[in-house]
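The structure under discussion appears below in the form of structure tokens.
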Amino acid sequence: MTSARNLWIPAALSVALLMVLIGLPLVIENRYLVHILIMTGVYCALALSYDLVVGHVGLLSLAHPTFFGVGAYAAAILSTRVASPFLVNLVVAGFVAAGLASVVSFPFLRLAGASFAIGTLGFALIIQLVANNEVWLTGGTDCTIGVARPRLTLGPWIDWRVSSVSDYYYLMLIILLLVVVLCWRLTTSRVGRTFISIREDEILAMASGVNLLKYKTFAFVVGAFIAGSVGAYYAHYSTLACPEALSSYMTIALLIMLFVGGVGRMRGVVLGAIMFTFVPEFLRIAPTLRMVIYGVLLLLAIRYMPEGLDGVVTKWWRKLPLARTLASSGENNQKAG
Amino acid sequence: MALLDVRGLTKKFLGLTAVDNVDITIETGELVSLIGPNGSGKTTLFNCVTGFLEADAGHVHYRDRDITKRAPYEIALLGLSRTFQQARIYRRLSVVENLLMGIQQHQGESILERVLLTRKVRRLEQEATERAEELMDFVGLTHLRDQPAGNLSYGQYKLLIFATALMPDPDLLLLDEPAAAINPTMINRMKEHMVDLNRAGKTIFFIEHNMEVVMDICERIIVLDAGRKIAEGPPDSIRNNERCMEAYFGR
Amino acid sequence: METFVEQLLNGLTLGLMYASVAVGQALIFGVARLINFAHGDLFMVGAYVFFVAYSVLGLPYPVAICVSAVVMFGFGGLFERVIVRPILDRPWHVHLVATLGASIILISAFTLMWGSTAKQVPTSYSATILQVAGFRVSLQRIIVVVVTLLSFLALHLFLQKTKTGKAMKAMSQNREACAVVGVDVRRLSTLTFAISCGLLGLAASLVSPLFTISPTMGMGLTFKAFAAVIMGGFGQVNGAIYGAIILGVTEALTAGYISSAYTDAMAFAMMILVLLLRPQGLLGRGKVGI
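Residue numbers (our numbering), protein chains in the order written: chain E, 1 to 337; chain C, 1 to 251; chain Y, 1 to 290.
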């Protein structure tokens, strides 16, 4: 546990970062760039929820985008058929995804190692086929279109009609903040320690009194809930839900973000999501070439950087004189306190 | 009534009987050792008692409770702590976190309380940390408190594992080769710790190959050979038992 | 009756295509204990090599087949050296992520080179229709069935008769013992990749004239082959072939008589069912599930 005295540095940095994030759409004139920022936010939230399952509990699920897609469809169908409001859709989509996850977790979590990965992959492919073929429900390859723009009302005080790109940006920022806080709480609390105990050594975890099934199910279902809600946001933002949302391509994209950024590290995962979405757009690299580069990066990361980019950056940072001063002052504080 | 009561325990692997109709009784406050040649079924017996393997026949009672078919985590939560021969620790958690992991599941708060970080959870974490500090002090690992456990030496691993098993203040400690593969100084430390704890009232049942350790500190020794219990008694009677010496040293 | 036989033959061709991928996966899993998520994409590479040899360079068909098989043999060995070898000793999830990475590299690189649109590579045989016992059959299908089955037979003989083949079989049964006896595990691993990819090159040049080829064709194949391998008992070469043929035939028959929408779903559902029946892991023995 870090002592209270040197918590001010990360706290100040977080506030500064938040200020920058709030200010960004005011400075950036290019609306396309704001759109890219929104997509970065979507991927950040999605990758963070995936990392709960993969990085913390050590369950290599290949069905995470499925929950994202199912959430997107749930919101899209609700919005277009019964015209339910955005906030309701957001929550219902989360619960639909979480419900589906808890149903499939029952058989799948009994599978060991790679069987779990392949089992979830099979499940993902089946749901993908359902999305493509059940036209009455999903619209098939024509997608469910015409999802309403969100309108958030709170009594007489707030009536926010989300319409411009920067409105969507702020909505995303709020959702991302909630996801970050939730993931941070989960991973830094005793729950997170239990998660890591399972990842590190299942047998020892059992001897420590951990109910493996309970904690694995919990992580899997919470991960699905977040993915489903983010999917709902995505459906309302893009105003449609398409089968591509649940494709295996998405799974690979998420794996790249996690393993290149730093699996099991929140900062690393965020870094990975930014690397994946924002940087290449900024550098204007063609999408196909991008995937070649990412594939190579993934192979290099897995071979040479077990802790991902975040691990490398942290190592460099520790060597900087500034970091040394901060660290030693922190130590002094601890000794004094 | 006995603290641990094993009756007619049998475990077979592919037709091979690893544990064959074994009866064992451990009373509160005892310091008992389980010895036997390699492959005699000692670890298998431990695994059956702690729920990691399902016994084919027989019963295990702990404090009058039938724990034969219970899951490992349930048995652990009943106050029966075990260690593993392979020196299992959470390598990427720090020393203090390893110790905290040893107790936190025993403290009984819900996942929701943990996520909300309620006052109760903070108090429990505080208590657990205090206990961890005490035990680090007891085994002499305080200076390594925040080191990743993976950085420790093998002897330090063993001490950490030992201390972690003690974290929940268990009524019965099952140790699988606590003194194996460590240097003589460490062995002596481990011996002292076990005797100290036993004097303080802890019941300890352990597997050990180091006969010196066993003969020095145990009140009672149980000998397994090819899955069967072939002898039981105080160190002197075992030393003079020809059958045991034959099983053990092949003489 | 006529359509039934046609569907059956369609299914057999499809099944043999799956089998060519599944055999490689089973063999690789047996020897290297690695699940290759890029194996279907290697089939795609084989198809493109054949496309270049036959359509671009204009080589005669038999020569183009040989070129594809030989090039793929080399490419398989290279793939093992560059992608697999460095991570062979790491845990299974590293294998999975690395081979998925290789898969995305292959797909994107081929999209860059050849575009994402599907290509056709018809040979003169695909248009030649024969009358066999009153049924109309494309000559190409007959070639596919006969040559692929012969290649499987050759593989079978290789595994049964030659010293290297026997070592591969022994490896899949008991790795530890093989390492002790002094089998060169690493050399065998390279060779296994080379052989299974050579087989892919052959199969791809046979099957491609009947279907279209595109950079994304591999992923579906990988997953189908998984289903076949798992249904056939993991790591079993013959089981994988039977699994693949059953899969192909069932698929063609359901597509022909019931509905084409959920033929794939059935394969994956069957795969999940087999997995659930063996929750102790695909290897079925020991505590460590793979």
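Don't be surprised by glycine CBs; every beta carbon is placed ideally from N, CA and C.
Nearest neighbour of Gly-55(E), chosen from Ile-293(E), Gly-69(E), Leu-254(E) and Val-147(E) [CA to CA]:
Leu-254(E)
Are the C-beta of Gln-104(C) and some C-beta of chain E separated by less than 7 Å?
yes
Where does the unbroken alpha helix (DSSP H) through Trp-317(E) begin, and where does it stop?
308–319
Where Gly-228(E) sits in the DSSP three-state scheme:
Gly-228(E) falls in the helix class under three-state DSSP.
For Ala-252(Y), count neighbouring Cβ atoms within 10 angstroms of its own Cβ and tell me buried if that reaches 16, exposed if not.
Its Cβ being crowded by 16 or more others within 10 Å, Ala-252(Y) is buried.
Would the stretch 221–241 of chain Y and the stretch 13–25 of chain Y be scored as touching if the rule is three or more Cβ pairs under 8 Å?
yes
Helix or strand or just coil, what does DSSP make of Arg-65(C)?
strand
On the criterion of 16 or more Cβ atoms from any shown chain inside 10 Å, does Met-113(Y) qualify as buried, or is it exposed?
exposed
Determine the extent of the alpha helix (DSSP H) in which Gly-94(E) is found, giving its start and end residues.
86–108
Can you check which of these residues, Tyr-50(E), Ser-61(E) and Ile-145(E), is closest to Ala-83(E) by C-alpha distance?
Ile-145(E)
What is the DSSP secondary structure of Gly-71(E), reduced to helix, strand or coil?
helix
Just to confirm the assignment, what range does the beta strand (DSSP E) spanning Trp-338(E) have?
The question about residue 338(E) has no answer, for chain E in this structure spans 1 to 337.
Excluding the 5 residues flanking Asp-171(C) on each side, which residues of the same chain have their C-beta closer than 6 Å to its C-beta?
Gly-79
Can you check whether the CB of Leu-48(E) is closer than 7 Å to the CB of Ala-124(E)?
no
Exposure label - Gly-140(C); buried when at least 16 CB within 10 Å
exposed
In chain order, what residues of the same chain have a beta carbon less than 7 Å from the beta carbon of Phe-259(E), not counting five sequence neighbours either side?
Counting only Cβ-Cβ distances below 7 Å, and skipping sequence neighbours, we find Leu-298, Ala-301, Ile-302 and Gly-308.
Give the single residue among Leu-42(Y), Thr-190(Y), Ile-246(Y) and Gly-40(Y) whose Cα lies nearest to the Cα of Pro-86(Y).
With distances taken between Cα atoms, Pro-86(Y) lies closest to Thr-190(Y).
Assign Ala-120(Y) to buried or exposed, taking buried as 16 or more other Cβ atoms, counted over all protein chains shown, within 10 Å of its Cβ.
A small fix is needed here, since residue 120(Y) is Gln in this sequence, not Ala. Counting Cβ neighbours within 10 Å, Gln-120(Y) comes out exposed, since fewer than 16 surround it.
Say whether chain D places a C-beta atom closer than 7 Å to the C-beta of Ala-76(C).
Among the protein chains in the structure shown, which are E, C and Y, there is no chain D.
Against Ile-246(Y), what residues of chain E qualify as contacts under a CB-to-CB distance less than 8 Å, listed in chain order?
Per Cβ cutoff of 8 Å: no residues; Ile-246(Y) is ~17 Å from chain E at best.
Which residue spans inside the stretch 83–166 of chain Y form an unbroken beta strand (DSSP E) run of at least 3?
129–132 and 135–138
Three-state secondary structure (DSSP) at Gly-337(E)?
Here Gly-337(E) scores only 32 on pLDDT, less than 50, and its place in the model should not be relied on; the value that follows carries that caveat. Coil at Gly-337(E), not helix or strand.
Residues in its own chain within less than 8 Å of Thr-117(Y) by CB, not counting five upstream and five downstream?
Ser-214
I'd like to know if Ile-161(C) contacts chain E, where contact means its C-beta is closer than 7 Å to some C-beta of that chain.
no
Measuring alpha carbon to alpha carbon, tell me which residue in Met-257(E), Asp-201(E), Phe-218(E) and Val-53(E) is nearest Leu-112(C).
When Met-257(E), Asp-201(E), Phe-218(E) and Val-53(E) are compared, the shortest CA-CA separation from Leu-112(C) is found for Phe-218(E).
For Lys-11(C), the first and last residue of its enclosing beta strand (DSSP E)
4–13
DSSP has Lys-229(C) in a bridge; who is on the other side?
Leu-224(C)
If we define contact as Cβ-Cβ less than 7 Å, is Val-94(Y) a contact residue for chain E?
yes
Residues of the stretch 162–195 of chain E with Cβ closer than 7 Å to any Cβ of chain Y, in chain order
Listed by position, the residues of the stretch 162–195 of chain E near chain Y (Cβ gap below 7 Å) amount to none.
Taking the alpha-carbon positions, what's the Val-103(E) to Phe-37(Y) distance?
27 Å
Leaving out the 5 sequence neighbours to the left and right, which residues in its chain are closer than 8 Å to Ser-208(E) when beta-carbon positions are compared?
Ser-197
Based on DSSP bridge pairs, tell me the residues matched to Val-32(C).
Phe-205(C) and Arg-220(C)
Could you compute how far the alpha carbon of Arg-7(C) sits from the alpha carbon of Tyr-43(E)?
A direct Cα-Cα distance of roughly 57 Å separates Arg-7(C) from Tyr-43(E).
Mind checking the stretch 99–115 of chain Y against chain E and listing, in chain order, the residues whose C-beta falls within less than 9 Å of any C-beta there?
Leu-100, Gly-101, Ala-102, Ser-103, Ile-104, Ile-105, Leu-106, Ile-107, Ser-108, Ala-109, Thr-111 and Leu-112
Please check the pair Phe-138(C) and Leu-175(C), which I expect to be a contact at CB under 8 Å, by giving their CB distance rounded to whole angstroms.
That pair is no contact at about 15 Å.
Whole angstroms are fine: how far does the CA of Ile-182(C) sit from the CA of Arg-189(C)?
11 Å
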